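**Q** One structure coming up, written as structure tokens, with questions to follow.
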Amino acid sequence: MNVAIIGSGGREHALAYKISESPILSNLFIIPGNPGTSKCGTNIILSLDDFKSIDNFCKDKEIDLVVVGPEAPLVAGLSDYLRGIGVAVFGPSSSAARIESEKSFAKKIMVENGISTAQYREFTSDEYGEAKKYLQEKTYPCVLKADGLAAGKGVLICEDMKTALKGLDELFLQNKYGRAGNKIIVEDFLTGEEASIFAITDGENFICLPSSQDHKRIGENDTGLNTGGMGAYSPAPVVSDKILEEIKTKIIKPVLTAMRESGNKFVGCLYAGLMITNEGTKVIEFNCRFGDPETQAVLPLLGGDFLKLLYSAANGNLDKEAVTYNGGCSICVVASSKGYPEEYINGYEIKGLNNINCPSVIVYHAGTKQDKGKILTNGGRVFGVTAFSLNKDYKFVKNIVYQNLSKISFEGMYYRRDIAHMVLKK
Ligand code: AMP
Ligand code: GLY
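Sequential numbering from 1 applies to the sequence shown in the working numbering.
Put into structure tokens, the structure is as follows:
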């Protein structure tokens with residue numbers, strides 16, 4: 001099979017790495033990819049907005065499957081476009097991708113189908129007065145969310161009314177998130193432990209990959225600003241077999257049914273961001289794609305043929321036996337540029353990448369670029385190092401991941417030293 005992956009982050013490197021192991025693969029292309037993905041296949045520089053060029057490329061290379069990594073091209077309709085010209089795509093249609101790009105749409109589906117989630121109210125920008133009144137009467141903490149896509153930044157946890165009112169002004173009066181903030185959700189604050197579940201689906205049937213847990217905050221002990229994710233481990237023991245069963249029957253299955261029956265059939269990876277609370281599991285959010293960095297932790301634990309799984313889902317005939325969980329565990333630690341998630345400087349040389357030669361360690365490139373034989377930093381999250389083992393010895397894996405990470409360096413390199421602290425405490 002000839003396969004093209006869309007995207008250029010750590011998630012796409014993890015997808016490329018796994019797909020490149022498939023016995024049914026002939027040629028792998030990554031559009032546009034990064035220096036890491038160039039070791040798994042051929043990087044092709046095309047603009048992700050330029051559907052016509054991607055279409056021409058697919059025809060030229062006789063692409064059998066396109067796997068779309070990030071949310072933006074899904075929301076923009078790349079899957080619909082490619083399906084329209086007869087290319088199989090792993091990734092939802094634009095209308096199904098609204099489960100991520102319109103939080104009010106996701107909330108409505110949940111409420112209508114009895115899927116447990118935080119209580120909420122929504123307001124549009126011309127309801128500023130009502131929103132303000134609501135926030136003045138509410139109990140705290142609460143959570144303010146921009147309805148649209150805000151690159152993972154449109155969520156404000158408000159400990160008190162003052163923070164909430166300031167956040168409201170930023171969203172509605174100062175347009176901090178542009179159009180994404182023309183509508184907001186005000187949600188009750190949930191307490192518990194978070195977990196991520198990836199459901200691979202053909203729109204009707206699904207399988208869940210091993211659970212994982214992300215570390216969203218920049219600082220150790222989960223402090224400081226929210227980021228795209230500073231590390232992850234898999235599986236997340238907080239998702240016991242019983243809880244996983246509940247997630248499948250009370251969350252994933254009903255949401256896929258509701259999507260299908262409302263004309264928004266979801267094909268691809270449905271990511272459920274969950275809070276395991278004392279009153280059961282509640283949905284924090286749905287995403288329309290694989291999570292990053294969770295994918296970098298989850299995929300190394302899969303045996304079988306991952307490409308076969310994605311292809312079967314894209315073709316409406318999910319092969320539930322295509323992959324198996326190998327029974328092990330993994331930890332991924334993200335190295336970021338000094339200053340991230342705020343301002344940072346690109347272009348520092350990354351040294352020591354060739355020092356990593358442990359078979360149970362993978363370095364996934366994210367914000368990197370190649371320049372005259374050197375690898376330079378080129379983003380906030382620069383790379384992720386994942387270590388894995390065939391048994392569930394998280395402590396052992398943690399030692400390996402940090403030992404290997406210490407062999408790589410660049411100016412201002414930062415990483416959290418406490419990834420997987422929740423599981424190591426248990
Ligand atoms: P989201 O972009 O929706 O994943 O939100 C980012 C992060 O904010 C989540 O991973 C949670 O840590 C936190 N969060 C979002 N909504 C809630 C909520 N209702 N209660 C508690 N924490 C939340
Ligand atoms: N790791 C969080 C996300 O991918 O949205």
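Even glycine gets a Cβ: it sits at the ideal position worked out from N, Cα and C. Since we're looking at a predicted model, the values are computed, not measured.
Cβ of Lys425 versus every heavy atom of the ligand AMP: is any distance shorter than 8 Å?
**A** Not so, every heavy atom of the ligand AMP lies at least 8 Å from the Cβ.
**Q** Could you spell out the range, first to last residue, of the beta strand (DSSP E) harbouring Gly384?
**A** Element bounds for Gly384: Arg381 to Ser389.
**Q** Consider the C-beta atom of Tyr394 and the heavy atoms of the ligand GLY; say whether any pair is separated by less than 8 Å.
**A** No, the beta carbon of Tyr394 sits no closer than 8 Å to any heavy atom of the ligand GLY.
**Q** Given this structure, state the Cα-to-Cα distance separating Lys59 from Ile24, to the nearest angstrom.
**A** Going from the Cα of Lys59 to the Cα of Ile24 covers about 20 Å.
**Q** Quick one: what's Glu285 bridged to in DSSP?
**A** BP columns for Glu285 point to Gly273.
**Q** Would you mind sorting Pro92 into buried or exposed? The rule is 16 or more other CB atoms within 10 Å of its CB.
**A** Pro92 is buried by the Cβ-count criterion.
**Q** What I want to know is whether the C-beta of Gly273 ends up closer than 8 Å to one or more non-hydrogen atoms of the ligand AMP.
**A** Indeed, a heavy atom of the ligand AMP lies less than 8 Å from the Cβ.
**Q** Closer than 8 Å: is that where the CB of Gly154 sits relative to any heavy atom of the ligand AMP?
**A** Yes, since a heavy atom of the ligand AMP falls inside the 8 Å radius drawn around the Cβ of Gly154.
**Q** CA-CA distance, Leu171 and Cys288?
**A** Each residue's Cα considered, the two are about 24 Å apart.
**Q** Taking 7 Å as the limit between beta carbons, can you name the residues of its chain near Ser409, skipping five residues before and five after?
**A** Excluding sequence neighbours, Ser409 sits near Lys351 and Gly352.
**Q** For Ile85, count neighbouring C-beta atoms within 10 Å of its own C-beta (all shown protein chains included) and say buried if the count is 16 or more, exposed if not.
**A** Its Cβ having fewer than 16 others within 10 Å, Ile85 is exposed.
**Q** Please tell me whether Cys158 and Ala232 are closer than 9 Å, where the distance is taken between their beta carbons.
**A** Cβ distance not < 9 Å, so Cys158 and Ala232 don't count as in contact.
**Q** For my contact list, Gln296 and Pro35 are in at a C-beta cut-off of 8 Å; report their separation, rounded to the angstrom.
**A** So it is not a contact: roughly 16 Å between Cβ atoms.
**Q** Rounded to whole angstroms, how far is the Cβ of Gly273 from the Cβ of Ser337, which I believe are closer than 8 Å?
**A** About 25 Å; that fails the 8 Å criterion.
**Q** Which residues in the same chain have their Cβ closer than 6 Å to the Cβ of Pro235, if we skip the five residues on either side of it in sequence?
**A** Closer than 6 Å at Cβ, skipping near neighbours: Pro210 and Ser211.
**Q** So, using beta-carbon positions, are Thr227 and Tyr140 closer together than 9 Å?
**A** No, they are not a contact pair.
**Q** First and last residue of the beta strand (DSSP E) that includes Gln370?
**A** Residues Thr368 to Asp371.
**Q** Specify the secondary structure class of Ile345 as computed by DSSP and reduced to three states.
**A** Three-state DSSP puts Ile345 in coil, outside helix and strand.
**Q** Once DSSP output is grouped into helix, strand and coil, what is the label at Asn43?
**A** Residue state, collapsed to three classes: strand.
**Q** Indicate, with yes or no, if the ligand AMP has a heavy atom lying under 8 Å from the CB of Lys108.
**A** No, since every heavy atom of the ligand AMP falls outside the 8 Å radius drawn around the Cβ of Lys108.
**Q** Taking the alpha-carbon of Thr223 as reference, which of Asp418, Lys372, Lys166 and Gly316 has the nearest alpha-carbon?
**A** That would be Asp418, whose Cα lies nearest to the Cα of Thr223.
**Q** Any chance you could list the residues with Cβ under 5 Å from a heavy atom of the ligand GLY, keeping chain order?
**A** Checking every Cβ against the heavy atoms of the ligand GLY under 5 Å gives Asp214, Gly229, Gly291 and Asp292.
**Q** Hey, would you say Ile115 sits closer than 9 Å to Val255, going by beta carbons?
**A** In contact: Ile115 and Val255 (Cβ atoms closer than 9 Å).
**Q** What are the start and end residues of the alpha helix (DSSP H) that includes Glu246?
**A** Residues Asp241 to Ile247.
**Q** Taking 8 Å as the cut-off, does the CB of Thr295 come closer than this to any heavy atom belonging to the ligand AMP?
**A** It does not: the Cβ of Thr295 is nowhere closer than 8 Å to a heavy atom of the ligand AMP.
**Q** Are three or more beta carbon pairs between the segment 172-183 and the segment 257-265 nearer than 8 Å?
**A** Verdict: no, contact absent.
**Q** With distances taken from CA atoms, which of Gly328, Gly347 and Gln403 is nearest Leu390?
**A** If we check each option's Cα against that of Leu390, Gly328 comes out closest.
**Q** Can you give me the C-alpha to C-alpha distance between Thr37 and Asp126, rounded to a whole angstrom?
**A** Cα to Cα, the separation comes out at about 46 Å.
**Q** Is there at least one non-hydrogen atom of the ligand AMP closer than 8 Å to the beta-carbon of Asn221?
**A** No, the ligand AMP has no heavy atom inside 8 Å of this Cβ.
**Q** Could you have a look at Gly303 and say whether DSSP puts it in helix, strand or coil?
**A** Strand at Gly303.
**Q** For the putative contact between Val3 and Leu46, defined by C-beta atoms under 8 Å, what is the C-beta separation to the nearest angstrom?
**A** The pair is not a contact, with the Cβ atoms about 15 Å apart (cut-off 8 Å).
**Q** Would you mind reading off the limits of the alpha helix (DSSP H) that contains Glu100?
**A** Start and end: Arg98 to Ser101.
**Q** Could you check if Leu46 belongs to the surroundings of the ligand AMP, using beta carbon to heavy atom distance under 8 Å?
**A** Not so, every heavy atom of the ligand AMP lies at least 8 Å from the Cβ.
**Q** Measuring alpha carbon to alpha carbon, tell me which of Gly280, Ile375, Asn221 and Arg98 ends up nearest Glu245.
**A** Checking every option, the nearest Cα to that of Glu245 belongs to Gly280.
**Q** Can you check whether the CB of Ala131 is closer than 9 Å to the CB of Ala180?
**A** No; because the gap between Cβ atoms is not below 9 Å, this pair is not in contact.
**Q** Are the Cβ atoms of Tyr17 and Leu299 separated by less than 9 Å?
**A** Yes.
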